[in-house]
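Engineer: Chains as they are written, first to last, in my numbering: chain A, 1 to 280; chain B, 1001 to 1280.
Let me begin by handing over the structure; questions about it come next.
Protein chains: 2
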Amino acid sequence: MSAFNLKSYLHTCGQLTGEALHRFLPSEEVPPCVLHQAMRYSVFAGGKRIRPAFVLATADCLGLPHGGAIHAAAAIEMLHTYTLIHDDLPCMDDDDFRRGRPSCHKQFGEANALLAGDALLTLAFETAASAPAAPASLVRTLAAAAGSRGVVGGQVADLAAAGTPADVDTILFIHEHKTADLFRAAVEMGALAAGATPDTLAALSRFGRATGLAFQIVDDLLDAENPADTSFSCIHTLGIDSAKARAAELTNEAMRALDGFGSSAEALRQAARYLLERTT
Amino acid sequence: MSAFNLKSYLHTCGQLTGEALHRFLPSEEVPPCVLHQAMRYSVFAGGKRIRPAFVLATADCLGLPHGGAIHAAAAIEMLHTYTLIHDDLPCMDDDDFRRGRPSCHKQFGEANALLAGDALLTLAFETAASAPAAPASLVRTLAAAAGSRGVVGGQVADLAAAGTPADVDTILFIHEHKTADLFRAAVEMGALAAGATPDTLAALSRFGRATGLAFQIVDDLLDAENPADTSFSCIHTLGIDSAKARAAELTNEAMRALDGFGSSAEALRQAARYLLERTT
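Here it is as C-alpha cells:
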C-alpha cells in the first residue's frame, strides 16, 4: 500500500505548470494585445496539464526538484496547446468548441488563431531553450517529437485516414506520431533536465511511448461513446474489446519499462494507470 | 575600389544554403510523403536566400568559415519559408501564387500547407539546436525574433492595419517586427555562431535592424508599382519621395554601425547597399 496520493500530486503539478505559464506568456497588455489574449485564452482553458505532469514526475523520479524541469513542463504544454488551436481550424477538424467554450478561431478569428498557434509553438522552443540545464537537448527532443516525423506527420496521416477503415499499421503510425511522440518527449525532457544516463533515458522513453499509445486508444474508446464523432478512430478497425485489451497490454508494457526504478517511480506508475482507468 | 564581387558571393551563399537545406529536410520518400513534398516545394521555390546570406556574411566578417554558421543559415530560411506559406493561406493574405507558381495551399490543399508551415517552423528550431556552437543562444535569438513580440506580432499588426491609412508609429511597429526582427536575428545568429563579444553583437544587431527596416520600405516601394496590390504599405502614409529618403537614411545608419569593422565587413556593406538599390 502506498500513501502516495495521485490526485493531489497531479493538482500540484498542474498548479506549478500554470504559474510557470503565467510567467512565460506575454501579458495581454503587451501589443499586439489580441494575439496575447488569444494565446492566453487557449493556454488557460482548463486543460488537465497531463503532459507537464509527466515531465515533472520524471524529474521527481530522478531526484530533480520540480523547479529544474519547469521550463520543459511549460514548453510541452504550450506545444500541445498550439496543436489544439491548429487542429480546430476550419481547414482541419473545423471544431467550433473546445472544452465547452468557443474554439480559438471562433473567439478571435481565423487569422489570429493561426498566428496564436504559431506564436505558442515558437514560445515553446524559446522556453525550452531557456532551461537551466541541457537546453539544446530539450529543444531537439521536443522538435523531433513535434515535427514532420512526429506530431505534424501524425496529423497529416490522421486527416488522410479520416472516414476510411484503416489497417493496423496505419493506426499504429497515427497513434505513434499524433500522440505517443509527445508523451515520450515529455518523459525524455524530464529525464534530460535531470541529467539521466542513456540507459535510464531509454527505459523512461519506452515508458512514455507505451503510455502515450495506451492514452490514445482510451481517447478513441471515450470518443466512441459519442455517435456524432466522425474523426479517425482505431475502434472502427479493432472493435471495443480488442482496443481495451490493447490499452491494458500497453500499460503493462509501460510498467515493465519502470521495473528498475523502485518507489521513486510511483507517481509515473500511478499516472499511467490512471490514464488507462478512465474507461474501465 | 574593392575586388569583392557581391553577385558571386551571394550565389555561393545561396548554393551552400540550398545544399544544407537538402540535407536537413526529410526526403519526399519519408512518410507522410505529401507533407515532405509540400515542405520541399516551398523551400525550393527559387527564393533568393537573402537572410541566410546575412548569416554567412556576418560569420565571415568575424572569421568563422561558412560551415560553422550553416545550421543558423538553414534555420532562418526554413523559418522565413513557413511565414510565406502561412501568409498565403486563405484566412491571411489569400494568395494563389507565390514566385509565379501556385502557392503551397493551392498545390497541396489548405490543411497540408498549414501543417507544412508548422513542420518547417519546428524544423528551424531543431536545426538551430543542432548547431556546433551556441545552439541554445541561436534558438532563443530566433524564437524571440519570430514569436509574438517579433514576426508573428508584426503580422497581426499588419493584418489589422491593411486597407487603413496607418500613422508613422504603426508603420514602424509593423516594419520592425514583420521584417527587421528576422534580419536582425540573421546577423545576430551569424555573430553568435562566431562567438562574438557583446559589443560586436550589439553593433551587428544595429546593422541588421537598420538593413531590415530599409529592406521593407524598398519592398513597399516595389509593391507600389503594382496598382492591384491592396495590402498594407508605408507608401500610403509616407509618399514615394519620403519613403526613398528614409530607406537611404536607414542604409547609412546600417553602414555607420559597421564603422569599426574594416574590410572584413565588405560583404555585409555591399549586400545592404544592394538591397537599397533595387529601387533606385
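Note that beta-carbon positions come from the ideal geometry of N, C-alpha and C, so glycine has one too.
All figures in this text were calculated on a predicted structure; none of them were measured in a lab.
Just to check my reading of the structure: B:Val1156 and A:Asn112 have Cβ atoms closer than 8 Å, yes? What is that Cβ distance to the nearest angstrom?
Structural biologist: Between A:Asn112 and B:Val1156 the Cβ distance is about 7 Å, and since that is below 8 Å, they are a contact.
Engineer: Just to confirm, are A:Ala224 and A:Ile217 a CB contact at a threshold of 7 Å?
Structural biologist: Contact: no.
Engineer: Using a Cβ-Cβ cut-off of 8 Å (strictly less than) and excluding sequence neighbours within five positions of A:Asp87, which residues of its own chain qualify?
Structural biologist: Asp93, Asp95 and Gln155, listed in sequence order.
Engineer: Contact between the segment 1057-1073 of chain B and the segment 1010-1020 of chain B is defined here as three or more beta-carbon pairs at a separation below 8 Å; is this criterion met?
Structural biologist: Yes, since at least three Cβ pairs between the segment 1057-1073 of chain B and the segment 1010-1020 of chain B fall closer than 8 Å, the two stretches touch.
Engineer: Going along chain A, which residues have a C-beta under 9 Å from B:Met1092?
Structural biologist: Result: Glu110, Ala111, Leu114 and Leu115.
Engineer: With distances taken Cα to Cα, identify the nearest neighbour of A:Phe7 among A:Pro32, A:Phe44, A:Lys48 and A:Phe24.
Structural biologist: The sequence given here has Lys at residue 7 of chain A, not Phe. Selected option, being the one with the closest Cα: A:Lys48.
Engineer: Does the beta-carbon distance from A:Val55 to A:Gly190 come in below 7 Å?
Structural biologist: It is a contact, given that the beta carbons lie within the stated cut-off.
Engineer: Please name the residues in the segment 1132-1152 of chain B whose beta-carbon is closer than 7 Å to at least one beta-carbon of chain A, in chain order.
Structural biologist: Cβ contacts with chain A come from Pro1135, Ala1136, Val1139, Arg1140, Ala1143, Ala1144, Ala1146, Gly1147, Ser1148, Arg1149 and Val1152.
Engineer: Using the C-alpha atoms, what's the distance from B:Glu1176 back to B:Thr1122?
Structural biologist: Taking the straight line joining both Cα atoms gives about 23 Å.
Engineer: By the 10 Å Cβ neighbour count, where 16 or more other Cβ atoms means buried, how is A:Cys33 classified, buried or exposed?
Structural biologist: A:Cys33 comes out exposed.
Engineer: So, is B:Glu1277 buried or exposed, given that buried needs 16 or more other C-beta atoms within 10 angstroms?
Structural biologist: Per the 10 Å Cβ criterion, exposed.
Engineer: Closest Cβ-Cβ distance between A:Asp220 and chain B: below 7 Å?
Structural biologist: Not closer than 7 Å to any Cβ of chain B, the Cβ of A:Asp220 fails to qualify, so no.
Engineer: Helix or strand or just coil, what does DSSP make of A:Arg256?
Structural biologist: Residue state, collapsed to three classes: helix.
Engineer: For the alpha helix (DSSP H) containing B:Leu1056, list its first residue and its last residue.
Structural biologist: Looking at the DSSP string, the run of the alpha helix (DSSP H) that includes B:Leu1056 is Ile1050 to Cys1061.
Engineer: Using a Cβ cut-off of 7 Å, pull out every chain B residue sitting near A:Asp229, in sequence order please.
Structural biologist: Those within 7 Å of A:Asp229 in chain B number zero; the least Cβ separation is about 18 Å.
Engineer: Give me the Cα-Cα distance between B:Ala1196 and B:Ala1136, rounded to the nearest whole angstrom.
Structural biologist: Approximately 15 Å between the Cα atoms of the pair.
Engineer: Would DSSP call B:Pro1102 helix, strand or coil?
Structural biologist: Three-state result, B:Pro1102: strand.
Engineer: At a Cβ threshold of 7 Å, is B:Asp1181 touching chain A?
Structural biologist: It does not: the Cβ of B:Asp1181 has no partner Cβ on chain A nearer than 7 Å.
Engineer: Which whole-angstrom value is the C-beta distance of B:Ala1193 and B:Ala1145, which I expect to be below 8 Å?
Structural biologist: Incorrect: roughly 15 Å between the Cβ atoms, too far for contact.
Engineer: Work out the CA separation of A:Ala161 and B:Gln1037 for me, nearest whole Å.
Structural biologist: Rounded to whole angstroms, B:Gln1037 to A:Ala161 spans 18 Å at the Cα level.
Engineer: Please list the partners that B:Leu1121 has in chain A, where partner means a Cβ-to-Cβ separation under 8 Å.
Structural biologist: Near B:Leu1121 (Cβ distances below 8 Å), the residues of chain A are Asp118, Leu121 and Thr122.
Engineer: Tell me, please, whether the CB atom of A:Leu35 is closer than 7 Å to any CB atom in chain B?
Structural biologist: Yes, contact with chain B.
Engineer: Could one say the Cβ of B:Ala1157 lies closer than 7 Å to chain A's Cβ atoms, at least one of them?
Structural biologist: Closer than 7 Å: yes.
Engineer: For A:Glu77, I'd like the list of residues in its chain whose CB is within less than 8 Å of its CB, leaving aside the five on either flank, ordered along the chain.
Structural biologist: The residues are Thr17, Leu21, Val43, Gly47, Arg49, Arg51 and Pro52.
Engineer: Once DSSP output is grouped into helix, strand and coil, what is the label at A:Phe4?
Structural biologist: In the structure shown, A:Phe4 sits in coil (DSSP, three-state: anything other than H, G, I, E or B).
Engineer: Answer with yes or no whether the minimum CB distance from A:Ala245 to chain B is below 7 Å.
Structural biologist: So no, A:Ala245 is outside the interface.
Engineer: Closer than 7 Å by beta-carbon distance: list the chain A residues that pair up with B:Phe1125, in chain order.
Structural biologist: Chain A residues near B:Phe1125: Phe125, Val139 and Ala143.
Engineer: Counting only beta-carbon separations shorter than 7 Å, does B:Ala1129 have a partner in chain A?
Structural biologist: With 7 Å as the cut-off, B:Ala1129 counts as an interface residue toward chain A.
Engineer: Going by C-alpha to C-alpha distance, which of B:Leu1159, B:Cys1061, B:Asn1005 and B:Pro1026 sits closest to B:Gly1260?
Structural biologist: The shortest Cα separation from B:Gly1260 among B:Leu1159, B:Cys1061, B:Asn1005 and B:Pro1026 belongs to B:Cys1061.
Engineer: Do A:Ala214 and A:Leu182 come within 7 Å of each other at the CB atom, strictly closer than that value?
Structural biologist: In this structure, A:Ala214 does not lie closer than 7 Å to A:Leu182 by Cβ.
Engineer: Could you name the residues of the segment 1012-1029 of chain B whose beta carbon sits closer than 8 Å to any beta carbon of chain A, in the order they occur along the chain?
Structural biologist: Of all residues in the segment 1012-1029 of chain B, Pro1026 have a Cβ within less than 8 Å of some Cβ in chain A.
Engineer: Restricting to Cα atoms, I'd like to know which of A:Glu110, A:Ala272 and A:Thr127 is closest to A:Gly208.
Structural biologist: Nearest option by C-alpha distance: A:Ala272.
Engineer: Do A:Tyr82 and A:Leu120 count as a contact pair if the criterion is CB distance below 7 Å?
Structural biologist: Yes, Cβ-Cβ distance for A:Leu120 and A:Tyr82 is below 7 Å.
Engineer: Taking just the CA atoms, how far does B:Thr1200 sit from B:Ala1186?
Structural biologist: C-alpha separation (whole angstroms): 14 Å.
Engineer: Residues in its own chain within less than 7 Å of B:Leu1101 by CB, not counting five upstream and five downstream?
Structural biologist: The residue asked about is misnamed: residue 1101 of chain B is Arg in this sequence, not Leu. Only Ala1045 meet the Cβ criterion.
Engineer: Verify whether the separation of the beta carbon atoms of B:Thr1237 and B:Ala1166 is less than 7 Å.
Structural biologist: Yes.
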